[in-house]
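Report on the following structure.
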């Protein structure tokens, strides 16, 4: 718990930081890359913002908008009391051997208090039922938060249940909010249609309202909700209206053309009749219900849909699953410098960079734009377009080559931070980031997969490091002998979800991409490549247990089957070659085409650069510095050998503590057991907990010592992809023809010769055309 | 007289400005653009791009194929449409139905027509069945050099109607009285054809000939629909090259290739204009 509190407090240091407009603040933020905690729901009551967070431990943060202080409350004790395990262990199990648990369906505001909708679930061997649904009140006491009973009647839950055989469960509630004495629940019926269930809290009775294309509900006015309806299709539209569920009156405010705008976090201020929405990194306001008045008032980095409320002083409280912020809505107070960042690709540290940068550059607004058409970028450069200051893109994109080759990138060499970072990177990465001796880009993401093997399984089969194939021919040799070796080992060749077509497709993907990078200008229809594809065709897939897709779909789930349950695959088609750790079970094969030849492992490197026409070069370079500082350990370790310390996941300590707690509880049960049978049972549970803890310590690494050692062994063979054959073949005008041919080859209707000669002809023409 | 000329100018000015802005400036702007390197510095490189493009083997291949296809398609279309229009002119008024029918392919979208064409020339399609009926072996019409036949036939079939309509209009504009007078004077069919028909339709025939060439140069849609951006070598046209260069965002090469081709077309049309003038004078 201390750990969580420390993290949260550290995050709260951001609170009150000077941001782009006066009054802009970050109330809380979780680093979504770590994925260990998220904001479940946010509420505004008076001048306090309530943020319920989930993770290893449930908690509540209450931010006071006046004092700018945050109070932290733990919900974990209450949750533990409500869940079945605690009831059973504390002897509160039902006499008929049933478990009683309570579940919070949703939280909602009601006047000046926060209420919880709680269902009581009874679970027996024969099935489960929902006993009742009641409304309880949030109570804050010291550092603990809990719920207590209210005078409100129990709710008629019959329209909110779903049957799953002998089990009855509650319908999924997308969101819930209260207007007056009416509680609106956004849920779905058995056919998946969105439906509003409206509860009268004074009587507990429910009414269902089917609203066509209902997509979201939010706070509207004192007696109406704000309701969004999204109609997808050729001409996608989103209508935002005020809705009274009792009278069923709908009052349309605006209608968005989704081809032009993609509004997120829509919120409405009744007093001023202003609608706010977030689009492309900015908050827009619409006055007089007229979309033509839409005007950007401030930046907003939130990427998900979520919470939005207008405060009495005109400020906005906006939140999504990871962040809650306050934004000034007066465009006149916006900073003069607006830095526009356009990501054409995902980046590990972009969000963190945004907050770091805006914290240290209070005079700059940063607008994180939506993804755009990358092919329009060169035209923008040719027109000396200075609207966007920073771009992010994969290096294998054609647009990147066009930009790089023509030098439409600002010189970053003057930045001491970027220079130092770049100089510590692997030479091949450094080369990719430089042009004519100048640093022009910085890495923002690196991903790469290839065939790999399960290291534990490898050992279990009695195979050693010497048996790991070094060439593609050795790999096929291995596959030919594997059926005999793998029998009785508890492993299968591939995971049950990988079909023969998937496997072949991925092998060809690796073969072609590695061939492209190691055999520049060589024809694809070569004896070498043809020979390897023929070997792939001639494999005995039945003996290897690799099933065609059609057969795989008809197979029963292997988990729990008669032959011993789930079996891990010895070989995977997706083993990371960068420092991305997918659990650490698999190690990449480093296959070359000939004995004694170095392997080539292609990976996708994404980079960021500054528009040379940017009017804010200095700020843009500073933003890139923030990006470089926020690369994230996995990216940093992939591109640089400077740091070699293993890294734990940030929630390691917290998770470990929980596991220790369970183990200690089990230990206590062992000590206090009434009889031998009970003692034996708890000893087994304790042994399981201790084993899990030991496995957790061994495996729960963001970057483990083994990862570092293995990565250093292959780092010299990594090559950033600058021209991707598969990307060329799978995109653009050729995609249909290639897809059809490739599919024909995978189905055995076309030969390797036909496939390779097609690729060869296309690629030779592409090469002869030049860039 | 001088005053009248001055009065004309304000009326001409909007049109002249339009021509200047939308035709002359972009034309010369494009020439300048083709002489820059398109980089951040946008350096003037003179004829370097032209030199690079002309030496590019795919540009050469595209140009060669485009010229070859044009040399087959343009005269073929011209002669066929002339013959057909003379025929239709002779069978009027019953020819109305045929005149309308022959124009139909021109009005149909290429993509729709192409599906039928692909079915016809499929390995097991009607064309190959016809070939086997006459004792020949089946041909892979949709691959390699053989693909040229369906493409040429498709081009002729599609554009024939338009040329026939122009020819027919020219033929029908010749007053019947001239032929009646010539017949009374004892002029033979051949004499009428060379002394009346041909001199009077030369301007229209020249227009049709030019249109045939222009259309033949633009033979791309058909190739693209069948072979994509990178068709088999015998079908790779200059438009493929320019289209692919555009896809690769190499706008300099697109412009350079376009102006290079325009230069060739202008030269060709210059020769044709000269020949037309000479022919017109001779016939007069």
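Residue numbers (my numbering), protein chains in the order written: chain A, 2 to 772; chain B, -4 to 279.
Cβ coordinates follow ideal geometry from the N, Cα and C atoms, glycine included.
Problem - beta strand (DSSP E) runs wholly inside the stretch 458 to 501 of chain A, at least 3 long, in chain order - result: Listed in chain order, they are 492 to 495.
Problem - the stretch 138 to 154 of chain A in contact with the stretch 75 to 83 of chain A per 3-pair CB rule at 8 Å - result: Flag = yes, the stretch 138 to 154 of chain A and the stretch 75 to 83 of chain A touch.
Problem - Where the stretch 376 to 397 of chain A meets chain B: residues whose CB sits under 9 Å from a CB there - result: If the cut-off is 9 Å between Cβ atoms, the stretch 376 to 397 of chain A has 376, 378, 379, 380, 382 and 383 near chain B.
Practice task
Determine, using beta-carbon pairs with one atom in the stretch 171 to 188 of chain B and one in the stretch 29 to 39 of chain B, whether at least three such pairs fall under 8 Å.
Solution key: Using a C-beta cut-off of 8 Å, the stretch 171 to 188 of chain B makes no contact with the stretch 29 to 39 of chain B, since fewer than three inter-stretch Cβ pairs fall below that distance.
Handout entry: Option nearest residue 446 of chain A by Cα separation, candidates A:182, A:663, A:581 and A:382
Key = Looking at the Cα atoms, A:581 is the closest of the given residues.
Practice task
Would you kindly report the start and end of the unbroken alpha helix (DSSP H) that includes residue 112 of chain B?
Solution key: Per DSSP, residue 112 of chain B belongs to the alpha helix (DSSP H) from 105 to 115.
Exercise for the section: Apply the 10 Å Cβ neighbour rule to residue 467 of chain A and answer buried if 16 or more other Cβ atoms are within range, or exposed otherwise. Expected result: Burial call: exposed.
Exercise for the section: Using alpha carbons as the reference points, say which of B:276, B:203 and B:247 lies closest to residue 264 of chain B. Expected result: Here the closest residue by C-alpha is B:203.
Handout entry: Cross-chain neighbours of residue 239 of chain B in chain A, by beta carbon under 7 Å
Key = Per Cβ cutoff of 7 Å: 770.
Problem - residue 400 of chain A: contacting residues in chain B (beta-carbon distance under 7 Å) - result: Within chain B, the residues near residue 400 of chain A are 244.
Practice task
Please list the residues of the stretch 49 to 74 of chain B that have a C-beta atom closer than 7 Å to any C-beta atom in chain A, keeping them in chain order.
Solution key: Identification of residues in the stretch 49 to 74 of chain B having a C-beta nearer than 7 Å to some C-beta of chain A yields 51, 52 and 53, given in sequence order.
Practice task
Measure the CB-CB distance between residue 114 of chain B and residue 121 of chain B and report whether it falls below 9 Å.
Solution key: Cβ distance < 9 Å, so residue 114 of chain B and residue 121 of chain B count as in contact.
Practice task
Could you check the C-alpha separation between residue 558 of chain A and residue 609 of chain A for me, to the nearest Å?
Solution key: In this prediction, residue 558 of chain A has a pLDDT of 49, which is less than 50 and means its spatial position is unreliable; nothing more can be read from the coordinates.
Practice task
Sort A:214, A:218 and A:186 by Cα distance to residue 207 of chain A and report the nearest one.
Solution key: Comparing Cα positions, the closest option is A:186.
Problem - Proximity test, Cβ basis, 9 Å: residue 248 of chain B and chain A - result: So yes, residue 248 of chain B belongs to the interface.
Practice task
Please list the segments of the beta strand (DSSP E) lying wholly inside the stretch 114 to 192 of chain A, counting only runs of 3 or more residues, in order along the chain.
Solution key: DSSP runs (the beta strand (DSSP E)) wholly in the stretch 114 to 192 of chain A: 114 to 125, 128 to 142, 145 to 150, 162 to 165, 168 to 171, 174 to 180 and 183 to 189.
Exercise for the section: Would you identify the three-state DSSP class for residue 46 of chain B, choosing helix, strand or coil? Expected result: It is helical.
Exercise for the section: With a 10 Å radius around its C-beta and 16 neighbouring C-beta atoms as the bar for buried, classify residue 43 of chain A as buried or exposed. Expected result: Answer is buried; the Cβ neighbour count reaches 16.
Problem - Beta-carbon gap between residue 278 of chain A and residue 262 of chain A smaller than 9 Å - result: Less than 9 Å separates the beta-carbon of residue 278 of chain A from that of residue 262 of chain A.
Practice task
Would you check if the distance between the CB atom of residue 595 of chain A and the CB atom of residue 472 of chain A is smaller than 9 Å?
Solution key: Yes, they are a contact pair.
Practice task
Determine the chain A residues that contact residue 35 of chain B at a beta-carbon separation under 7 Å, and present them in chain order.
Solution key: Neighbours of residue 35 of chain B on chain A, chain order: 407, 408, 409 and 613.
Practice task
Pick out the complete beta strand (DSSP E) segments inside the stretch 379 to 459 of chain A, 3 residues or longer, and give them in chain order.
Solution key: Complete beta strand (DSSP E) runs here, min 3: 391 to 395, 443 to 448 and 450 to 455.
Exercise for the section: Report, in whole angstroms, the separation of the C-beta atoms of residue 378 of chain A and residue 404 of chain A, which I expect to be a contact under 8 Å. Expected result: Correct: roughly 6 Å between the Cβ atoms.
Practice task
Reducing DSSP to helix, strand and coil, say where residue 539 of chain A ends up.
Solution key: Here residue 539 of chain A sits in helix by DSSP.
Handout entry: Three-state secondary structure (DSSP) of residue 681 of chain A
Key = Helix.
Handout entry: Span of the alpha helix (DSSP H), counted from its first residue to its last, around residue 207 of chain A
Key = Judged by DSSP secondary structure, residue 207 of chain A falls outside any alpha helix (DSSP H) and instead within the beta strand (DSSP E) spanning 206 to 210.
Handout entry: Delimiting residues of the alpha helix (DSSP H) encompassing residue 202 of chain B
Key = First-last of the alpha helix (DSSP H) with residue 202 of chain B: 193 to 212.
Practice task
Would you check if there are 3 or more beta carbon pairs closer than 8 Å linking the stretch 39 to 55 of chain A to the stretch 311 to 327 of chain A?
Solution key: Yes, they touch.
Handout entry: Coil, strand or helix - residue 296 of chain A by DSSP
Key = Strand, per DSSP.
Handout entry: Contact between the stretch 388 to 399 of chain A and the stretch 604 to 622 of chain A (3+ Cβ pairs under 8 Å)
Key = The answer is yes - the stretch 604 to 622 of chain A touches the stretch 388 to 399 of chain A, with three or more Cβ pairs under 8 Å.
Handout entry: residue 198 of chain B to residue 268 of chain B span [Cα, whole Å]
Key = About 10 Å.
Exercise for the section: Evaluate the contact criterion for the stretch 650 to 663 of chain A versus the stretch 695 to 712 of chain A: three or more CB pairs, one atom per stretch, below 8 Å. Expected result: Taking one beta carbon from each stretch, the stretch 650 to 663 of chain A and the stretch 695 to 712 of chain A have 3 or more pairs nearer than 8 Å; the two touch.
Practice task
Check residue 81 of chain B in the structure and name its three-state DSSP category.
Solution key: Here DSSP, grouped into helix, strand and coil, assigns residue 81 of chain B to helix.
Handout entry: Validate contact between the stretch 415 to 422 of chain A and the stretch 626 to 642 of chain A using beta carbons, cut 8 Å, 3 pairs
Key = Result yes; three or more Cβ-Cβ pairs closer than 8 Å.
Exercise for the section: Using a Cβ-Cβ cut-off of less than 7 Å, list which residues of the stretch 408 to 436 of chain A approach chain B; keep chain order. Expected result: Correct list: 408 and 409.
Handout entry: Identified DSSP bridge partners for residue 720 of chain A
Key = According to DSSP, which records beta bridges pairwise, residue 720 of chain A is partnered with A:603.
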